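Chains as they are written, first to last, in the numbering used here: chain W, 586 to 953; chain E, 586 to 953.
What follows is a set of notes on a single structure, which appears directly below.
Quick look at the structure:
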């Protein structure tokens, strides 16, 4: 297999770009949104349905998969693609975010992350070298370097220490890399301190990563802070590689940050909110449990062509939610991902036509 | 719309027959198995997936739908077909089985069934006239007459009383029937007493039903009793109408009772067991949680062509079960229904070719 390749096809005056990312398992047109499949499954959808709604790459999590079912099991089952029944590209995060979100279960030192498994209680130790090796065994298309992600409330000293560790870990991971068909991305940390973001980016840019991500956002900060750091950090990143904004966002965020020049996004919003009965529509959020939808024969979103909207009414979906039928989560997830992936397609079509973000705004409706 | 029609195309020496049931929403080749969609959804599958695995008719429950979302809501949403997003035939049971299984919540007298809703605690009263009217509003293809179903442990007097009530209710329901595009089936009761089965069948056969069901089986009795009553009752039923064996069964049961001459079946086994990690395969039952499947790269059933078997290994499905991913239930349900519906197709192909039950036995494998 050949090495991963990224081409920038067109750049808008805003800085937004249309790109093509060629990976071991296929081509991803960018800007792209990655549905979240933390444990190896986008909750509620078969891979065939994922394909049907337009997903070209999904996000999984090497830290979780290494705990369950375990790296050797995944290898025996044909790698993460075999495990997931998904033949297109897969990106895995390596565990930096879990270091933060499972804080009670982990302890970080310069060598790596000591954790107690939330699955079986066993002690584990994840070093940056392991993170790269694990992702190579999993057979992912894009691996993430092990980083230390800190919450918005972290002290300046903690943020500075996380930046230093993230840089040191990045170099250690790169040093043990063996597969040249797997892209490896570095993650810029630095919290909300512009100087630390510069320090982090400078260190990582000196290393031969295939792409760069902005981490440590969406960790409890106000939206203006997210936007400021996203814009400041983007200016530090090279233009010829993919730029990935981790954990974002709302439909408006996607237009905003694709507009700045980010290429990749992931977020649990469309899937998690779908399971909770919140639908993304052009008119804004629709809370399907609301009694006013009970007799409403209209589709969830009148402009939508997804399977849920062409076969089910608001009233029908509300019934399935109230009756606690699994199909409710399946349909809501399918619709929400269709909404997100249509938006990304409109962004790309706008960029190709030189009209960005006209059609994307229309696709996002009230969210724009 | 024209009236329902049933044609017997071929009869085997065993009594098994190949038939064609033409209903308001389409044609059902018989013998047919109806997946169970009690609350308006086959748990875990979209209607498109149901269609893909070969379902031509599904079973829902008028008693449950009348409680939630309510008959007027279903009407507003385009009837039960609109509610379910399913355009092919639908049969509804009317509540007789619930009279038994929700015994603490219902009280039966000669007039009908008084119940306390398990949804909102409200008192309700279901008379046989209501059962027919409700199913007409729902717009089902086949409605069931309201019956009184009693458990295997019922006293002879209780069984006799249930037979008398079921006959009286049958006449009352037929008397208020208005739609001639909806088939209406009577249900033979009588427990495990041959004389009472004769009494029940005699009374119902004098009424202009479009088909007959055998009820009151699979209610806690030994398998030999089921088989005896199924065979005895079948001989009482006319040959020119569909004969429906309610609540059955295992793959072996389907071959056995289709072999006797039953035309329609329903059962929760493939769906409920699928959600609990039990798979129907040619080699017999496969409990996917078992640790020995963890690294097994083989499909669930090596002879199976379903989406789950062509895209997922035993190890992958086990991982999804252990990680409590919704997709596990979806895939297991899809596979099990594919297994059941393939078996029914083989039964029909055997009947058409005059080779019944050769290929069906092969399709059922260890279950035959």
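By construction, the Cβ of each residue, glycine as well, lies at the ideal position given by its N, Cα and C atoms.
Being a predicted model, the structure only gives us computed values, none of them experimental.
May I ask you to list, following chain order, the residues of the stretch 884 to 896 of chain W that have a beta carbon less than 7 Å from some beta carbon of chain E? 892, 896
Which residues, in order along the stretch 649 to 663 of chain W, keep a beta-carbon less than 7 Å from a beta-carbon of chain E? Those would be 653, 654, 658, 661, 662, 663, in chain order.
Straight-line Cα distance separating residue 726 (chain E) from residue 605 (chain E): Looking up residue 605 (chain E) in the second chain gives position 20. Looking up residue 726 (chain E) in the second chain gives position 141. Approximately 14 Å, taken between the alpha carbons.
Report, in whole angstroms, the separation of the C-beta atoms of residue 826 (chain E) and residue 796 (chain E), which I expect to be a contact under 8 Å. Residue 826 (chain E) sits at position 241 when you count from the first residue of the second chain. Residue 796 (chain E) sits at position 211 when you count from the first residue of the second chain. Yes, residue 826 (chain E) and residue 796 (chain E) are in contact; Cβ-Cβ is about 5 Å, under 8 Å.
Using three-state DSSP, classify residue 679 (chain W) as helix, strand or coil. The residue you call residue 679 (chain W) lines up with position 94 of the first chain. The DSSP-derived three-state label of residue 679 (chain W) is coil.
Would residue 631 (chain W) pass as an interface residue toward chain E - the criterion being a Cβ-Cβ separation below 8 Å? The sequence position of residue 631 (chain W) within the first chain is 46, counting from 1. With 8 Å as the cut-off, residue 631 (chain W) counts as an interface residue toward chain E.
Spatially closest choice to residue 887 (chain W) from W:869, W:877, W:879, by CA coordinates: Walking along the first chain from the start, residue 887 (chain W) turns up at place 302. Measuring from the Cα of residue 887 (chain W), the nearest candidate turns out to be W:869.
Using DSSP's beta-bridge definition, name the partner residues of residue 718 (chain W). Walking along the first chain from the start, residue 718 (chain W) turns up at place 133. Beta-bridge partners assigned by DSSP to residue 718 (chain W): none are found.
Output the distance between the C-alpha atoms of residue 681 (chain W) and residue 732 (chain W), rounded to the nearest integer angstrom. By one-based count along the first chain, residue 681 (chain W) stands at place 96. By one-based count along the first chain, residue 732 (chain W) stands at place 147. Distance between the alpha carbons of residue 681 (chain W) and residue 732 (chain W) is about 5 Å.
Does residue 859 (chain E) come out as helix, strand or coil in the three-state DSSP assignment? In the second chain, the residue the question calls residue 859 (chain E) occupies position 274. Residue 859 (chain E) falls in the helix class under three-state DSSP.
Spatial distance of residue 930 (chain W) from residue 594 (chain W) (CA atoms): As a first step, residue 930 (chain W) must be located in the first chain, where it is residue number 345. As a first step, residue 594 (chain W) must be located in the first chain, where it is residue number 9. Each residue's Cα considered, the two are about 15 Å apart.
Can you have a look at residue 710 (chain W) and say buried or exposed, based on whether 16 or more other CB atoms are within 10 angstroms of its CB? On the first chain, position 125 is the one that residue 710 (chain W) refers to. So residue 710 (chain W) counts as exposed.
Starting from residue 624 (chain W), find everything on chain E with Cβ-Cβ shorter than 9 Å and list it in chain order. In the first chain, residue 624 (chain W) corresponds to position 39, counting from 1. Neighbours of residue 624 (chain W) on chain E, chain order: 904, 905, 908, 909, 910.
Is the number of C-beta pairs between the stretch 820 to 840 of chain E and the stretch 897 to 910 of chain E that are closer than 8 Å three or more? Fewer than three beta-carbon pairs drawn from the stretch 820 to 840 of chain E and the stretch 897 to 910 of chain E are found closer than 8 Å, and the two stretches are therefore not classed as touching.
What residues from chain W crowd round residue 915 (chain E), counting only those whose CB sits closer than 9 Å? Residue numbering aside, residue 915 (chain E) sits at position 330 when the second chain is read from its first letter. The answer, in chain order, is 629, 630, 631, 911, 915.
With respect to the alpha helix (DSSP H) encompassing residue 905 (chain E), which residues constitute its N-terminal and C-terminal limits? Along the second chain, one-based indexing puts residue 905 (chain E) at 320. For residue 905 (chain E), the enclosing alpha helix (DSSP H) starts and ends at 899 to 907.
Assumed close pair residue 613 (chain W), residue 641 (chain W) - CB separation to whole angstroms, cut-off 8 Å: The count along the first chain starts at 1 and reaches residue 613 (chain W) at position 28. The count along the first chain starts at 1 and reaches residue 641 (chain W) at position 56. Sure, about 5 Å apart at Cβ, within 8 Å.
Where the alpha helix (DSSP H) containing residue 839 (chain W) begins and where it ends: The sequence position of residue 839 (chain W) within the first chain is 254, counting from 1. Where residue 839 (chain W) is concerned, the enclosing alpha helix (DSSP H) starts and stops at 836 to 845.
Give a yes or no on whether the minimum CB-CB distance between residue 667 (chain W) and chain E is below 8 Å. The residue given as residue 667 (chain W) occupies position 82 in the first chain. So, interface residue.
Going residue by residue through the stretch 695 to 756 of chain E, where are the continuous beta strand (DSSP E) segments of at least 3 residues, counting only ones entirely within it? 697 to 701, 708 to 711, 727 to 729
For residue 901 (chain E) and chain W, any beta-carbon pair shorter than 8 Å? By one-based count along the second chain, residue 901 (chain E) stands at place 316. With 8 Å as the cut-off, residue 901 (chain E) counts as an interface residue toward chain W.
Helix, strand or coil for residue 831 (chain E) per DSSP? The residue given as residue 831 (chain E) occupies position 246 in the second chain. It is coil, neither helix nor strand.
Under the rule that 16 or more other beta-carbon atoms within 10 Å means buried, what is residue 708 (chain E), buried or exposed? Sequence index remark: in the second chain, residue 708 (chain E) carries index 123 (1-based). Counting of Cβ neighbours within 10 angstroms places residue 708 (chain E) among the exposed residues, the total staying below 16.
Under 9 Å between beta-carbons, which chain W residues line up against residue 882 (chain E)? List them in chain order, please. Counting from 1 along the second chain, the entry for residue 882 (chain E) is found at position 297. Within 9 Å of the CB of residue 882 (chain E), the CB atoms of chain W belong to 661, 662, 663, 667, in sequence order along the chain.
Just how far apart, CA to CA, sit residue 741 (chain W) and residue 784 (chain W)? Taking the first chain and counting its residues from 1, one reaches residue 741 (chain W) at position 156. Taking the first chain and counting its residues from 1, one reaches residue 784 (chain W) at position 199. Straight-line Cα distance between these residues: approximately 14 Å.
What did DSSP end up calling residue 814 (chain W) once you bin it into helix, strand or coil? Indexing the first chain from 1 puts residue 814 (chain W) at position 229. Assigned with DSSP and collapsed to three states, residue 814 (chain W) falls in helix.
On the DSSP bridge assignment, give the partners of residue 595 (chain E) in chain order. For this step, residue 595 (chain E) is matched to residue 10 along the second chain. DSSP, once it has assigned bridges, lists E:603 as partnering residue 595 (chain E).
Give me the Cβ distance between residue 897 (chain W) and residue 601 (chain W), rounded to the nearest whole Å; I'm assuming they're in contact under 8 Å. Residue numbering aside, residue 897 (chain W) sits at position 312 when the first chain is read from its first letter. Residue numbering aside, residue 601 (chain W) sits at position 16 when the first chain is read from its first letter. Contact annotation, residue 897 (chain W) with residue 601 (chain W): C-beta distance approximately 35 Å; criterion of less than 8 Å not satisfied.
Only counting the same chain, and skipping five residues up and downstream in sequence, which positions put a Cβ closer than 6 Å to that of residue 584 (chain W)? Past the boundaries of the shown model lies residue 584 (chain W); chain W is included only from 586 to 953, so the question cannot be answered.
Taking DSSP as the reference, what is the three-state secondary structure of residue 870 (chain E)? On the second chain, position 285 is the one that residue 870 (chain E) refers to. Residue 870 (chain E): strand per DSSP, three-state reduction.
Specify, as a first and last residue, the run of the alpha helix (DSSP H) that residue 851 (chain E) falls within. On the second chain, position 266 is the one that residue 851 (chain E) refers to. Boundaries around residue 851 (chain E) are those of the beta strand (DSSP E), 849 to 851, since no alpha helix (DSSP H) includes it.
CB contact below 8 Å: residue 879 (chain E) versus chain W: Stepping through the second chain from its first residue, residue 879 (chain E) is reached at position 294. Yes - at least one Cβ of chain W is within 8 Å of the one on residue 879 (chain E).
With distances taken between CB atoms, is the gap from residue 721 (chain E) to residue 669 (chain E) smaller than 8 Å? Indexing the second chain from 1 puts residue 721 (chain E) at position 136. Indexing the second chain from 1 puts residue 669 (chain E) at position 84. Result no, Cβ atoms of residue 721 (chain E) and residue 669 (chain E) do not sit closer than 8 Å.
Cβ of residue 670 (chain E) within 8 Å of any chain W Cβ: The residue labelled residue 670 (chain E) in the question sits at position 85 within the second chain. Closer than 8 Å: yes.
For chain W, check one thing: does any of its Cβ atoms lie closer than 8 Å to the Cβ of residue 702 (chain E)? Position 117 of the second chain, counted from the start, is the residue given in the question as residue 702 (chain E). For residue 702 (chain E), the answer is no, since every Cβ of chain W falls outside 8 Å of its Cβ.
Quick one: is residue 898 (chain E) near chain W, going by C-beta distance under 8 Å? Locating residue 898 (chain E) in the second chain gives position 313, where the first residue counts as 1. Yes, residue 898 (chain E) lies at the interface with chain W (some Cβ there is under 8 Å from its Cβ).
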